[in-house]
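Chains as they are written, first to last, in this note's numbering: chain A, 2 to 258; chain B, -10 to 185.
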Amino acid sequence: MNDQSFQWLLILFMAASPALAAPVDGLVLIQNGSYRPLYLENGGADNLKDQSTYVETFWLDRVPVTNRQYLEFVAKSPEWKKSSVKRAFADSSYLQHWSGDLAIQNLGELDSPAVNVSWFSASAYCESLGERLPTTDEWEYALADNGRDNEEVQKRTLDWYAVPNATPPHVGSGSANGFGIFDLVGSVWEWTLDFNSFMVSSDIRDSGQKSLFCGGGSLDTSNPKDYAAFMRYSYRASLQGSFTGKNLGFRCAKDFK
Amino acid sequence: MKNISAIKWLLLPLVFSMPAFAHNHQAEPAAEHQSDSLFNITDTWTTSNEKPFHMAELKGGPAVIAMIYTSCKDICPLIVEDMKKIERLLPPEQAEKVHFAVFSFDSDRDNPKILKEYARAHGIDSSRWTIARNSPDAVRRLAVAIGMKYKKNKTGDFVHSELITILDEDGVIKYQQSDSRLSEDDAVLAIKHMLH
């Protein structure tokens, strides 16, 4: 048995070991409600009361998907091995922190968020469980947490954004928010289903490029002081579906029906 | 349960050490496309003629593609007009080698009948044109693959970027025009270059 296959066996044993499994994974039911997104559908006629977005009840992963879980997925889905993934669906940094198709370089990261994954691969992971990525509205609604500790969350978010490229901690190592959700801030950036939503800043809106709009809607920022949210929206807008990053992970969601 | 899953994991390395066997089982292996080709997207679209359509059917010649929705009154007709202009600017013997494909992102409203009317009204019902619809998931996949941004608003209309994408014969993105003010001449040059 050569070194590499020994490493595989070790990892596969660890993946099957119940004692080491993260205690906090699984979906949490998020009750329906409204939140005030950074970007609003304005359309000119809306009054303040309408400037919130309604989100249906949905299921959301308590913690981001871990390397351990993603490894199990790749073991079952060879098209998502780093050696065979299509470049149309993931760039050349895909799973670059893994030492092989089914091996991670640093075993200490097994319970850390799976990073270096593209939108296509993250979507495929969720679909393999009958789930999907959360929409941007769902993700932001979960973070908004019905306004609980609003300023504290914003401050923590900005503190985190200010630290470049810190290694993500194990999932669930922070504290849960009011919905029982962990790690929305302080861990990794996360893919959303509709990260490619069309968002326009007020700068563009004011520049006279009315022709950009179809259907007469326009978008506006609700709280220019919410720099943390602005950074998230800007970050998502900068992504392409095949991009991967060492601080970009994901969690899954599901319709409630 | 735990023991069974442990045994399964033990067996996995054995399974992966025999990839050749798995391949031999397939009577007709799926066509291999270039790694960065959009033909790797396997969703089945439905055309205005109610025929199934796959991205890989664009293989063989350059393809000019765009995403629109038919009840869009402002930008979308301009996108289609730009595509038609590209078609007109090409010498006829080159134009006939190019496939023009329009994909709707309005899964709710754009059924084949509506797409057919739209194609007729805009004079894009010749055999070198395809106009097709699909589920929201498949629409999202194509939009993400070509870098198209869109969002459905509360009225059911969409805000979206305007984008014309040109694929080479292998389905790889070779040229993108993301503002109607850009010259169609560049798109035409890109196509002529591919046909050389």
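Glycine is no exception: its CB is placed at the ideal position from the N, C-alpha and C atoms.
Per the C-alpha coordinates, the member of A:Asp227, A:Ser188, A:Thr168, A:Ala115 positioned closest to A:Ser176 is A:Ser188. In this structure, A:Ile31 keeps its C-beta atom at 7 angstroms or more from the C-beta atom of A:Phe74. Across the structure, B:Ile180 and B:Val69 are spaced so that their CA atoms are roughly 17 angstroms apart.
Of the other Cβ atoms in all chains shown, fewer than 16 fall within 10 Å of the Cβ of B:His185; this residue is therefore exposed.
Shown here for A:Ser85: same chain residues with a beta carbon closer than 7 angstroms to its own, the five before and five after excluded, namely Pro79 in chain order. B:Val91 has B:Ala55, B:Ile120 as its beta-bridge partners, per DSSP. Interface flag for A:Trp120 against chain B is set, since a Cβ pair is found closer than 7 angstroms. Under the Cβ distance rule, B:Tyr139 counts among the residues neighbouring chain A, one pair being separated by less than 7 angstroms. Any Cβ of chain A closer than 7 angstroms to the Cβ of B:His185 would place that residue at the interface, and such an atom is absent. Counting only residues of its own chain and dropping the five nearest sequence neighbours on each side, A:Gly179 has a CB closer than 6 angstroms to the CB of Asp146, Arg149. Leaving aside the five residues that flank A:Phe244 on each side, the residues in its chain whose CB is nearer than 8 angstroms to its CB run, in chain order, Asp92, Ser119, Trp120. Taking a beta-carbon distance threshold of 7 angstroms, B:Asn123 does not count as an interface residue toward chain A. Contact between the region 106 to 123 of chain B and the region 141 to 152 of chain B is absent, with fewer than three C-beta pairs closer than 8 angstroms.
Rounded to whole angstroms, the separation of the alpha carbons of B:Gly136 and B:His22 is 20 angstroms. Rounded to whole angstroms, the separation of the alpha carbons of A:Asp256 and A:His171 is 27 angstroms. Nearest CB-CB separation between A:Asn147 and chain B: not below the 7 angstroms threshold. Going by DSSP, B:Ser115 is part of no alpha helix (DSSP H) at all; its letter is neither H nor E. The beta-carbon distance between B:Ser37 and B:Pro101, rounded to whole angstroms, is 5 angstroms. This is short enough to meet the 8 angstroms contact definition.
For B:Val133, the nearest CB of chain A lies under 7 angstroms from its own CB, placing it at the interface with that chain.
Within the same chain, Cβ atoms closer than 7 angstroms to the Cβ of A:Ala76 are found at Leu103, the five residues on either side in sequence being excluded.
The straight-line gap separating the alpha-carbon atoms of B:Gly160 and A:Ser174 is approximately 44 angstroms.
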